[in-house]
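Every letter in the sequence shown is one number past the one before it in the numbering used here, and letter 106, counting from 1, is 95. By construction, the Cβ of each residue, glycine as well, lies at the ideal position given by its N, Cα and C atoms.
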Amino acid sequence: MDNIFYSKLKSLRQANHLTQEQLANELNLRYHLNESKATISQFENNKRIPDLDRLINIADYFHISLDFLCCSANKAKDLEEVTNKSFFSHNLRKLREKNNLSQCELSKMLDVSNGAISKWENGQREPDLTTLQKIATYFDVSYDYLLRDRTVLLNSNNIIDENVIMTYDKPGDRIKKLIKKNGLSQKEFVEKFNEKYGYSDSEATISQYVNNKRTPEIDKMVKIANFFNVTLDYIMCRTDIDSDMSIYNKSRQDENKTCLSFSTPQEALSFILKQDMVADFGGYDLDNMSDDEIMEMADDIADMLKIISRKHK
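Structure below.
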């Protein structure tokens, strides 16, 4: 884990004003463990690395991702930002589809524009608190269901919240899905993985992983997540969201392509007018404007630009 875990654990413990003994007692009480102050000390001094089950307990206790706990700061920050942003988008779309609603039908139910629903589901914008309350009330779900995705989320009575998205996969099932999704055989995966990270695993070893007969150690699990460009939490079944970072990178690439392929000045101006910062500056509401109205505004600005540009020639 590149010596990340021990420093993260100590920082988290201190930030929560816990002694090593208090943290051990908290973990023992909540997860029925038998940890000691000495064990926590070994973790924090990088003399011992916890197994995967214990890592999950620690991540759940501090309400953080495994990626934050085990990965480098930059990667954890990037993954956390993308994944957190995607929770609401993913959950809203799933709720809408589960209730057999189109974006247009849902927009009427919530008294918002059709464009607003599309932007929420694409992660481009988020609703205000009043609208979020409307969504939660309409679908009869909790805020946690809408905004978060944890395999284990306890309510005030330490009972699993029934509104939480649950997963019944095991790590081996996720690895098998990822191998198949990437068009690889187990043999091909072994060869590429060994070449990339310097391992000497056999196909038989990978077969044990994907059939849940054996679980990789945490260092290797982090590398498997890196290999497939997914979060460690996805591999460990702590989230059901397809956390393939390329999905989000693709949307950014698509936006960049749009910026470079305008057929008219009006199209370029229309793209600029659709940016939140420009809309806020101009005092107009994107959610209540159609594409035709924005294009009409772009035409007006193009006419004004012709006049202004004479001065600066």
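Rounded to whole angstroms, residue 196 and residue 97 show a C-alpha spacing of 50 Å. Contact between residue 58 and residue -6 holds: their C-beta atoms lie close to 6 Å from each other, under 8 Å.
Non-local beta-carbon contacts of residue 201 in its own chain, meaning distances under 6 Å to residues more than five positions away in sequence, involve 159 and 161 in chain order. Its chain contains 164, 205 and 224 as the residues whose beta carbon lies nearer than 7 Å to that of residue 213, once the 5 sequence neighbours on both sides are disregarded; these appear in chain order. The Cβ atoms of residue 12 and residue 29 lie closer than 7 Å to each other.
In the structure shown, residue 161 falls within a helical segment according to DSSP collapsed to helix, strand and coil. Excluding the 5 residues flanking it on each side, residue 84 has same chain C-beta neighbours closer than 6 Å at 128, in chain order. The C-beta of residue 54 has 16 or more other C-beta atoms within 10 Å across all chains shown, which makes the residue buried. For residue 104, the uninterrupted alpha helix (DSSP H) run begins and ends at 103 to 110, by DSSP. Residue 192 sits in a helix when the DSSP states are folded into three classes. Per DSSP, residue 40 is not a residue of any alpha helix (DSSP H), being assigned neither H nor E. Short of 8 Å from the beta carbon of residue 173, and not among the five residues preceding or following it, lie these beta carbons of its own chain, in chain order: 181.
In the displayed model, residue 129 falls within coil according to three-state DSSP, outside both helix and strand. Under the 10 Å beta carbon count, residue 47 is surrounded by 16 or more other beta carbons and is classified as buried. The three-state reading of DSSP puts residue 259 in helix, counting H, G and I together.
In the structure shown, the three-state DSSP call for residue 22 is coil.
Annotation: residue -4 to residue 35 spans about 8 Å, alpha carbon to alpha carbon.
By the Cβ-count criterion, residue 24 is buried, with 16 or more other Cβ atoms from all chains shown falling within 10 Å of its own Cβ. Across the set 255, 14 and 22, the C-alpha of 255 shows the shortest separation from the C-alpha of residue 291. Residue 252 counts as exposed, since fewer than 16 other C-beta atoms from the protein chains shown sit within 10 angstroms of its C-beta. With fewer than 16 other Cβ atoms from the protein chains shown falling within 10 Å of its own Cβ, residue 93 counts as exposed.
Per DSSP, the continuous alpha helix (DSSP H) segment holding residue 181 begins and ends at 175 to 186.
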